[in-house]
Amino acid sequence: MVITQEKELVSAYREVIGHPVAAGATLTLCKDEQLVTLESHWSQRDLERKEKTVSLRAHTINLSSGEILSSSGPQEIKNELWNKVSPSGALRAVVRTGKDKKNEDKQYLEIFDKKRKLKTIDVQSLEKHGKIIDNDGQFGSFEWSSSEGHLLYMAEKKVPKSQSFFDPKAFKDDPIGGEDAEDDLKDEKATGKEEALVAVWTPDDAGVVVCAWEHEPYRLGLRHCCQRRSALYYIDLQKAPTVLSEPDRAVRFPRFSPDMTRLIYLDTPVEGGHHQCARLVKVTWPSLEREVVVDTVRSASGK
1 MVITQEKELV SAYREVIGHP VAAGATLTLC KDEQLVTLES HWSQRDLERK
51 EKTVSLRAHT INLSSGEILS SSGPQEIKNE LWNKVSPSGA LRAVVRTGKD
101 KKNEDKQYLE IFDKKRKLKT IDVQSLEKHG KIIDNDGQFG SFEWSSSEGH
151 LLYMAEKKVP KSQSFFDPKA FKDDPIGGED AEDDLKDEKA TGKEEALVAV
201 WTPDDAGVVV CAWEHEPYRL GLRHCCQRRS ALYYIDLQKA PTVLSEPDRA
251 VRFPRFSPDM TRLIYLDTPV EGGHHQCARL VKVTWPSLER EVVVDTVRSA
301 SGK
């Protein structure tokens with residue numbers, strides 16, 4: 001009886017996780033403004049491989065009639081951290097992970113047009129920063145500029161290699177302490193998101209809007225403690241930063257409207273419960289006038 005129940009539970013579990021869950025989508029309007037391309041990402045558990053897989057589906061839709069003109073079946077996406085289409089739809093940027101011949105982790109930035117791959121950049125070889133932060137829903141950013149000449153993304157801080165006072169070669173022939181000493185002298189590799197930031201381009205590409213969280217008095221995990229004190233800054237590349245949000249608030253998810261005339265974001269009080277009701281705030285661009293669009297809802301009745 002117990003074995004039968006276990007088999008039924010396993011069968012039910014396999015059936016449930018066999019249904020994919022929507023993980024994200026991108027809409028691209030064609031030049032004639034009559035067609036739109038919908039690319040959707042779907043997450044699904046694979047028990048045999050013991051991992052989560054992500055698949056891509058694409059649909060072309062007629063806007064006037066709503067008819068689906070073409071569609072593709074799910075195609076599994078492997079080793080992609082980011083995949084973004086440029087504003088015009090002419091270019092696509094992909095951040096992909098992989099291994100080199102030494103089996104070390106690598107990141108590659110790939111640029112495509114509609115026909116072929118134009119360029120591949122080895123991110124680590126540039127030695128400008130650490131790893132590009134992935135699309136985790138909190139810190140990651142990966143945005144095309146309006147001119148499509150630049151990409152804005154967040155990456156880990158580059159940690160300089162540690163230098164030992166002692167010469168490692170001095171321990172090379174030491175049969176007792178040599179191996180331990182060599183391990184102690186290896187370069188330290190720091191990973192993690194040391195500076196909490198999320199950024200988007202401004203409409204004229206002259207600067208960026210950055211959401212930054214304070215570290216003091218301590219760093220709270222943002223997945224659950226989203227009421228951590230933060231602020232929204234406009235960083236003009238030629239001027240000093242300008243604070244856009246109200247003081248002593250927790251802000252998140254800055255986005256520009258499709259016509260690039262309004263910046264919208266969510267904010268909550270610094271204190272209070274986790275994931276409490278947020279306000280929707282609008283900043284008119286370029287006047288930088290702030291306005292609360294939807295205030296905090298205190299009860300289910302809306303009062």
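Its first residue numbered 1, the sequence shown is counted upward by one per residue in UniProt numbering.
Note that the Cβ used here is the ideal one computed from N, Cα and C, for glycine as well.
Under 8 Å, do residue i and residue j count as touching if we go by C-beta distance?
i           : j           : result
residue 28  : residue 89  : yes
residue 228 : residue 250 : yes
residue 139 : residue 84  : no
residue 91  : residue 148 : yes
residue 79  : residue 97  : yes
residue 265 : residue 243 : no
residue 234 : residue 200 : no
residue 38  : residue 93  : no
residue 35  : residue 62  : yes
residue 203 : residue 260 : yes
residue 245 : residue 263 : no
residue 211 : residue 258 : no
residue 214 : residue 230 : yes
residue 205 : residue 299 : no
residue 283 : residue 290 : yes
residue 144 : residue 65  : no
Report the option in the options whose CA atom is closest to the CA atom of residue i.
i           : options            : result
residue 73  : 82, 55, 87         : 55
residue 133 : 115, 148, 158, 263 : 158
residue 236 : 207, 201, 257      : 207
residue 288 : 270, 271, 300, 256 : 256
residue 198 : 57, 239, 247, 252  : 252
residue 48  : 18, 274, 58        : 18
Who does residue i pair with in a DSSP beta bridge?
i           : result
residue 201 : 208
residue 28  : 37
residue 121 : 109
residue 256 : 263
residue 97  : 107
residue 62  : 35
residue 286 : Its beta-bridge partners do not exist; DSSP assigns none.
residue 84  : 93
residue 142 : 153
residue 235 : 208
residue 12  : Residue 12 pairs with nothing; no bridge assigned.
For residue i, I'd like the list of residues in its chain whose CB is within less than 8 Å of its CB, leaving aside the five on either flank, ordered along the chain.
i           : result
residue 99  : 105, 106
residue 192 : Caution is warranted here: a pLDDT of 42 is assigned to residue 192, below 50, making its placement in the model unreliable, and the coordinate value is therefore given only provisionally. Contacts found: 156.
residue 103 : none
residue 15  : none
residue 270 : 227, 228, 229, 248, 249, 250
residue 75  : 55, 56, 57
Among residues of its own chain, excluding the 5 on either side of residue i, which ones have a beta-carbon nearer than 6 Å to its beta-carbon?
i           : result
residue 268 : 227, 250, 276, 278
residue 70  : 60
residue 194 : In this prediction, residue 194 has a pLDDT of 44, which is less than 50 and means its spatial position is unreliable; nothing more can be read from the coordinates.
residue 6   : none
residue 44  : 20, 53
residue 311 : Lying before the first or after the last residue shown, residue 311 is absent from the chain, which here runs from 1 to 303.
residue 292 : 279, 281
residue 120 : 108, 110
residue 51  : none
By Cβ distance, which residues of its chain are closer than 7 Å to residue i, with the 5 residues on each side in sequence left out?
i           : result
residue 186 : The predicted model places residue 186 with a pLDDT of 30, which falls under 50 and marks its position as unreliable; any figure quoted below should be read in that light. Excluding residues within five positions, none has a Cβ falling inside 7 Å.
residue 24  : 41
residue 184 : In this predicted model, residue 184 has a pLDDT of only 33, less than 50, meaning its place in the structure is not dependable enough to derive any value.
residue 295 : 279
Quick one: is the Cβ of residue i within less than 7 Å of any heavy atom of the ligand FMN?
i          : result
residue 18 : With respect to the ligand FMN, the structure shown offers nothing to examine, as it has no ligands at all.
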